[in-house]
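I have placed the structure first, in the form of structure tokens, so that the comments after it can refer back to it.
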Amino acid sequence: METQNLWPEFTIDKTKSPKAILKEQAGYLMKKTNNVLSAEVETVQAGNEQIIQHFYIVAPAINNYRYMLFSVRHKIIGYYPVTVVSGIEIFNEEDGDSFTLGIPMEAKNEEEFIKSLSTVFNDPDNTRIISSLLSQSLAE
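Using numbering that gives the first Met the number 0, count along the sequence shown one by one with no gaps and you end on 139.
Structure representation (structure tokens):
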């Protein structure tokens with residue numbers, strides 16, 4: 000005898016996810032650089048209750064060189080608050096802990112998240128890195 004479907008109906012949150020916002024920004028980078036540079040959003044699991052999105056700048060002309068510009072960490076249930084970390088985040092898969100070699104910024108909502116992203120994108124060190132990747136890509 001086959002059992003009946005026991006699953007309830009699921010509701011889909013209409014809030015724009017951090018990953019969706021990051022993918023939009025990846026598209027804007029491609030437009031801004033005339034498709035010379037691109038960006039990738041890589042999702043990793045951090046323990047059982049958190050997700051980390053790594054944002055990479057990619058230079059296809061330089062053998063697909065990837066530079067991790069920042070990471071975003073949030074809980075699996077409810078997107079906010081998110082923590083934006085510009086720099087390298089080291090994740091220990093064994094115990095689910097992580098530590099950062101950058102400065103974390105907490106954003107309590109989508110508006111604060113967008114402001115945090117703007118801060119990261121406009122950081123002088125980051126603009127130098129992106130400009131360098133752009134110049135080297137155009138030289139190829």
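Even for Gly, the Cβ is constructed at its ideal location relative to N, Cα and C.
Pair within 8 Å by beta-carbon distance, residue i and residue j
i	j	result
I145	I129	For residue 145 there is no data in the structure shown, the boundaries of the chain being 0 and 139.
P103	T82	yes
S16	Y78	yes
DSSP beta-bridge partners of residue i
i	result
F69	F54, S85
E105	T82
Q49	A45, K74
Length of the line joining the Cα atoms of residue i and residue j
i	j	result
E48	A138	44 Å
A59	S134	At residue 59 the sequence reads Pro, which differs from the Ala that was named. Going by the C-alpha atoms only, they are around 13 Å apart.
N34	S115	24 Å
L21	I113	10 Å
M145	F9	Since the displayed the chain opens at 0 and closes at 139, residue 145 lies outside it and no answer follows.
K18	V40	7 Å
D124	E23	22 Å
L36	T126	13 Å
G46	E1	35 Å
E110	M67	23 Å
H73	F120	20 Å
I155	D12	Nothing about residue 155 can be read from this structure; the chain reaches only from 0 to 139.
S7	T42	The residue asked about is misnamed: residue 7 is Pro in this sequence, not Ser. Straight-line Cα distance between these residues: approximately 27 Å.
Residue i: first and last residue of the uninterrupted beta strand (DSSP E) it sits in
i	result
Q44	37-45
Start and end residues, alpha helix (DSSP H) containing residue i
i	result
S136	123-138
G26	17-31
Proximal residues to residue i (C-beta, below 6 Å), its chain only, five neighbours per side dropped
i	result
S70	I51, H53, V84, E88
A25	A38
Close-in-space but distant-in-sequence residues of the same chain around residue i (CB under 8 Å, 5 per side omitted)
i	result
I61	L132, Q135, S136, E139
Cβ shell of residue i (< 7 Å), same chain only, five flanking positions each side left out
i	result
P80	E105, A106, K107
T32	L133
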